[in-house]
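Reading the sequence shown from the start, the letters are residues 65 to 314 in the numbering used here.
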Amino acid sequence: MTKILLTTLFTASSLMALTNLEIAQKADKVTDGFESSVAQTEMVLINASGQKSVRQLEMKTLEGENGDKTISTFLTPADVKGTKTLTHEHVERDDDQWLYLPALKRVKRIASSNKSGSFMGSEFSYEDIGNQNYNKFTYGDKVEEVELNGVKCYKGERIPKDKNSGYTKQVSWVSMDNFLLQQVEYYDRKSELLKTAVFSDYKQIDGVWRVGQIEMKNHQNDKSTVLTWKEDKIKVGLTAKEFNKRVLKQ
């Protein structure tokens with residue numbers, strides 16, 4: 065009888081256990097519903113010696129069923145002022161990304177093969193700021209329940225589907241309580257740990273979870289970049305015409 069009971073309990077527990085795909089789907093869902101947003105953000109670049117370089121930028125995003133559209137405009141310092149990036153995310157294919165350089169008055173398309181390159185000298189890549197929708201990955205079978213900085217998390221592996229990805233795999237930590245992404249480890253094309261992103265300072269705006277800070281630490285060059293949302297407004301009524309690449313030159 066005891067053996068039968070234990071088998072039944074184990075089977076029921078297995079049936080209730082979430083897969084990495086299901087966890088990723090839930091993590092995507094809790095940040096959905098912002099419609100459109102305007103954020104004032106600060107980007108701090110920290111070199112291996114601890115010296116800091118501070119940049120201010122405005123980020124506008126339009127939510128979409130098949131991927132969001134985001135335009136980022138650098139406001140300061142003078143050497144990057146007016147530089148803009150535009151990302152059109154796509155769930156089923158590669159994202160479209162463009163860079164506007166005011167000194168050249170030219171819009172440059174970011175090729176898929178170059179998206180592992182640094183985003184404006186930061187430790188974020190163009191791939192990192194693109195679509196992280198759960199459909200962009202395949203998932204490992206193993207799900208661990210672990211604790212990270214006092215937060216109980218699901219830990220699991222995901223592998224980018226994009227053949228041009230700069231990563232062979234990523235390991236993510238997602239809060240068991242509210243399915244908010246807490247941390248991601250990025251492994252390079254040699255399968256060595258390259259970077260770790262830490263997500264923090266979450267808050268709810270009109271019932272939608274918004275991240276407040278992302279720190280990207282590069283373990284291979286000892287540099288890091290901290291992106292902080294100083295002001296964040298959602299449901300601001302932006303439209304698709306504001307995310308056309310012609311807008312980059314305005």
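Beta carbons are placed, not taken as given, at the ideal position from N, Cα and C, and that holds for glycine.
Every value quoted in this text rests on a predicted model; they were computed, and no experiment measured them.
Paired residues, beta bridge with I298 - DSSP: Counting from 1 along the sequence shown, the entry for residue 298 is found at position 234. Per DSSP, S101.
Alpha-carbon to alpha-carbon, H283 and F188: As a first step, residue 188 must be located in the sequence shown, where it is residue number 124. As a first step, residue 283 must be located in the sequence shown, where it is residue number 219. If you take the alpha carbons of F188 and H283, they lie about 13 Å apart.
From L302, K254, S177, I174, residue whose alpha carbon lies closest to that of Q234: The residue labelled residue 234 in the question sits at position 170 within the sequence shown. Of the listed residues, the one whose Cα sits closest to Q234 is K254.
DSSP-derived helix/strand/coil call for E209: Sequence index remark: in the sequence shown, residue 209 carries index 145 (1-based). Strand.
Contact under 7 Å by Cβ, K294 with E106: Indexing the sequence shown from 1 puts residue 294 at position 230. Indexing the sequence shown from 1 puts residue 106 at position 42. Yes.
Chain B within 7 Å of S288, Cβ atoms only: No chain B appears in the structure shown, which is made up of a single protein chain.
Beta-bridge partners of P224, as assigned by DSSP: Against the sequence shown, residue 224 aligns to sequence position 160. The partner list for P224 (beta bridge, DSSP) reads F201.
S6 - DSSP class collapsed to helix/strand/coil: With the chain covering only 65 through 314, there is no way to say anything about residue 6.
Where V311 falls: helix, strand or coil (DSSP): What you label residue 311 is simply residue 247 of the sequence shown in a count that begins at 1. Of the three classes helix, strand and coil, the one that applies to V311 here is helix, per DSSP.
Validate contact between the segment 294–304 and the segment 95–111 using beta carbons, cut 8 Å, 3 pairs: yes
Beta-carbon gap between V94 and G131 smaller than 7 Å: Residue mapping note: residue 94 aligns to position 30 of the sequence shown, counting from 1. Residue mapping note: residue 131 aligns to position 67 of the sequence shown, counting from 1. The answer is no: Cβ separation not under 7 Å.
Test item: CB-CB of Q196 and C217 under 7 Å: Translated into positions along the sequence shown, residue 196 becomes position 132. Translated into positions along the sequence shown, residue 217 becomes position 153. In this structure, C217 does not lie closer than 7 Å to Q196 by Cβ.
Alpha-carbon to alpha-carbon, G301 and L82: One-based indexing of the sequence shown puts residue 82 at position 18. One-based indexing of the sequence shown puts residue 301 at position 237. Each residue's alpha carbon lies about 36 Å from the other.
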